[in-house]
Structure formats: C-alpha cells, structure tokens
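In my numbering, the protein residues as written are 31 to 438.
Take a look at the structure:
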C-alpha cells in the first residue's frame, strides 16, 4: 500500500478536528500576544503581515513534514512566552537588531537540539514528574474555563452540555459537536466581536539582520532560554506522557533550524507546541495512538491556509470571543489532563512527592527571570526526586523505564 493510501486510510474526523482546534486556539488566543509584540517593535502593516506569514508557514511545514516522517502528531507553535518577553524588551532596538537576535536564538536552539544535549537532560527526569508537569500546564486552562459561566453562561453551557452528551452517545465527535454548538450559541447571542476588515493576504518581507551586543544579551539570550524551557521542554514532556518516543534531535533541531531560516522574515521563535498540542495528542483525537498523526497534518494545513491569507482569516479568528475559545479548549483538554494526573500519581511515595511539587509549582504561574512556571516546576520536582531517591535506584530506573526514554 502506498504512503498516500495509508494516510487516507488513517484519516478520521476526530483527528482532523483536533488538529484544526490546535491551530485555531493558537490564533484566537496566544496570537494576540504576538500582535502586541509586533506593535512593540514598531512594525508597519507589511512587516506585521510578514511576521504572521513566517510563523504560520514555519508552523505548518514543520507540523506536516515531521508528522508524516515520524507518524507522531507533531504540533508546532510559535513561542508565546517569547512574544510576551519581546513586548517589554524590543522597545529600544531597531527591527533589524531584533531580527538578528531572533536568528541567533534559533541557531542556538538548533545546535542544542541536533546535538541531543536537550533531550539527554530531559531523559533523566522521572516519568511521574513529566506527567505532573503536563497536568500543571493543562489544569489551569480547564479550571479557568469555569469563569466563562459567569460572563457567558449560555455559550459555556451549550459547549459543556454538548460535549458530555457527545461523550455519551458519539464519543469521537464530541469535541467537534461542542465547537459547533459553541459557535452557534455565540452567533445566536450576538457575541462575535466586530473587527476591522482586512484585505491583507500576507507575504514575506525580508529584513537584513543586524547583530549588536546589546540586542544579543537583552533579546537573544532570554528568548533562547524562554523558548527552550517554557515551550520545547513541556512539548517533549507532553509527547512522552502520551506514550510516544520522540526523536528529540530531529524535532527540536529541525524546528529550530526552520525558525532560524524564517527569522529574517519576522519569525521570533518556532518550537514544539505544549498546551494546544495536547488536544491533538489526547484520546479525543483518536482512540488509536498510531493514527493521531493525522491531527498534525490537519493542524499544519490550517497554519498554511491562515499564513497564506494572513489578515483576512486572522481577523475572523479574532472575532471569536474569549469565552468560546476558553471553554472549547477546556473540554478538548480534559482527556489529556486526566491521563496526566493519573500518570503523575502512578509512582511510589517519593516520586509522588516529586510529582506533587512539580504540579504545585507549575500551576502557580510563577515567573522568575522571565522564565515561566513550567520550567521551575520541572526543576523543583526533579530536585525533590534527586534528594529523596538514592543514586543507585535512580541509575536502575532512568525516566521510569524505557517507554519514556528519549529516542536518539
């Protein structure tokens, strides 16, 4: 059977919807932070459209190619923490200096990825700690969605009721049904935002990078740390938590190299997805883990379409109210959150303490030195595990078994 025939055989509505939602939620939520970063950089409309184009095309190509090659649902995203960092740090630099910093940060990430140093470090973390990290990332989004019942009870209620009825009667289409119900109720209540129409299709605008010590220290270094610690580390941990054996060198190295190639067009950072990727990796995507890679293809295609039509479709996504996005994301993440919580509590008392420490710190949302809570949760949990577990036992049980080992 040809590769095309195999892919067509594996296509399912649930996986296609999961991939679409992964991209949709990126554009309807975190994308606003990217737009704010472009404003902080003082970009004109063409440069802003180029930034959107570069991120979308990079995300799409990496998601499609890597998902096809690895048969793993690889969802690539832009660095949202990195964009938040740029809002505060770009004011004193020209866009050419910013592009130079983007390029250096991505090249550094590619080197760390291709050499395997990053994956090697992550492979030393016990499985329950990785699961707790994922749970700590996902649960705040699930919990926060409850607030939508106060501001938009009809929208939130329609999504939740439809989802659980779907889980009872048509499990694989529950998320799709919830999305449709949410959009329908949003329309019925007149809750869509009015956004200025845009005819900008988007396209590349090349900027020659300029390298200055100040920009490298103030922008490139923190951007590299934030992207690796707050995005790529949770992204790899997420793949492990769902039973996959990702080739960290291939994924992190390739994605970072593509990010470097697109930096002159505005891409500040392309990396493994974490929160949105959980939608594509969970059981709602497909009961068969081996067929969830279709979600990576669907998400990639969504990115490519949006990147090609830039302002037109982005404006459409921005019209969706935050309550609709939050509740749809929450129900789509429930399965992954449940799996992560179960895995986090699967070890003995010592790993359990390490896991609960990871969960607590990650859920706290603490930001230290511009690095988010996911990194500090991983660091804190690993430290507790090292203190409580004798060295000889750690040597016998690296990362809680071969099933979680990083594939070179």
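Just so it is clear, CB atoms sit at the ideal spot from N, CA and C, and this is done for glycine as well.
Residues near residue 50 in its chain [Cβ-Cβ closer than 8 Å; skip 5 each side]: Mapped onto the chain shown, residue 50 falls at position 20. Answer for residue 50: 328, 329, 332, listed in chain order.
Check whether the stretch 256 to 275 and the stretch 307 to 318 are in contact - that is, three or more C-beta pairs closer than 8 Å. yes
Taking only runs that begin and end inside the stretch 190 to 236, name each unbroken alpha helix (DSSP H) of 4 or more residues, in chain order. Fully enclosed alpha helix (DSSP H) runs of 4 or longer: 204 to 218.
Let's test the definition: count the other Cβ atoms within 10 Å of the Cβ of residue 92 and tell me whether it reaches 16, buried, or not, exposed. On the chain shown, position 62 is the one that residue 92 refers to. With a threshold of 16 other beta carbon atoms within 10 Å, residue 92 meets it and is buried.
N- and C-terminal bounds of the beta strand (DSSP E) containing residue 300: Start at 1 with the first residue of the chain shown, and residue 300 comes out as number 270. 300 to 302 is the span of the beta strand (DSSP E), which, as asked, contains residue 300.
Checking 7 Å against the spacing of the C-beta atoms, do residue 195 and residue 367 come in under that value? Position 165 of the chain shown, counted from the first residue, corresponds to residue 195. Position 337 of the chain shown, counted from the first residue, corresponds to residue 367. No, the Cβ-Cβ distance between residue 195 and residue 367 is not below 7 Å.
Have a look at residue 74 and residue 88 and give me their C-alpha separation to the nearest angstrom. Stepping through the chain shown from its first residue, residue 74 is reached at position 44. Stepping through the chain shown from its first residue, residue 88 is reached at position 58. If I take the Cα positions, the gap works out to 21 Å.
Residue of 318, 413, 406, 358 minimising C-alpha distance to residue 102: What you label residue 102 is simply residue 72 of the chain shown in a count that begins at 1. Closest by alpha carbon: 318.
Ordered along the chain, which non-local residues of its own chain (more than five positions away) have a Cβ less than 6 Å from that of residue 41? Along the chain shown, one-based indexing puts residue 41 at 11. Cβ neighbours of residue 41 beyond the five flanking positions: 324.
Going by the CB atoms, is the gap between residue 357 and residue 189 shorter than 7 Å? Residue 189 sits at position 159 when you count from the first residue of the chain shown. Residue 357 sits at position 327 when you count from the first residue of the chain shown. Against a cut-off of 7 Å, the Cβ pair of residue 357 and residue 189 comes out as a contact.
Helix, strand or coil for residue 141? Go by DSSP, reduced to three states. Residue mapping note: residue 141 aligns to position 111 of the chain shown, counting from 1. It is helical.
Just checking my contact of residue 316 with residue 45 at CB under 8 Å: how many whole Å lie between their CB atoms? Along the chain shown, read from residue 1 onward, the residue named residue 316 stands at position 286. Along the chain shown, read from residue 1 onward, the residue named residue 45 stands at position 15. Residue 316 to residue 45, Cβ: 5 Å. Contact.
Does the Cβ of residue 150 have 16 or more other Cβ atoms within 10 Å, making it buried, or fewer, making it exposed? Locating residue 150 in the chain shown gives position 120, counting from the first residue. Exposed: under 16 other Cβ atoms inside 10 Å.
Does the stretch 376 to 387 come close enough to the stretch 402 to 417 that 3 or more CB-CB pairs lie under 8 Å? Touching, per the Cβ criterion.
Just to confirm, is the Cβ distance from residue 144 to residue 283 under 7 Å? Counting from one through the chain shown, the residue named residue 144 turns up at place 114. Counting from one through the chain shown, the residue named residue 283 turns up at place 253. Their beta carbons are under 7 Å apart, which means residue 144 touches residue 283 by this criterion.
Given a cut-off of 7 Å, decide if residue 172 and residue 363 are closer than it, judged by their beta-carbon atoms. Locating residue 363 in the chain shown gives position 333, counting from the first residue. Locating residue 172 in the chain shown gives position 142, counting from the first residue. In contact: residue 363 and residue 172 (Cβ atoms closer than 7 Å).
Which one or two residues does DSSP pair with residue 106 in a beta bridge? Position 76 of the chain shown, counted from the start, is the residue given in the question as residue 106. Answer is 302.
What is the DSSP secondary structure of residue 285, reduced to helix, strand or coil? The sequence position of residue 285 within the chain shown is 255, counting from 1. Reduced to three states, the DSSP call for residue 285 is helix.
Range covered by the alpha helix (DSSP H) that runs through residue 161: Here residue 161 is taken as the residue at index 131 of the chain shown, counted from 1. Where residue 161 is concerned, the enclosing alpha helix (DSSP H) stretches over 157 to 174.
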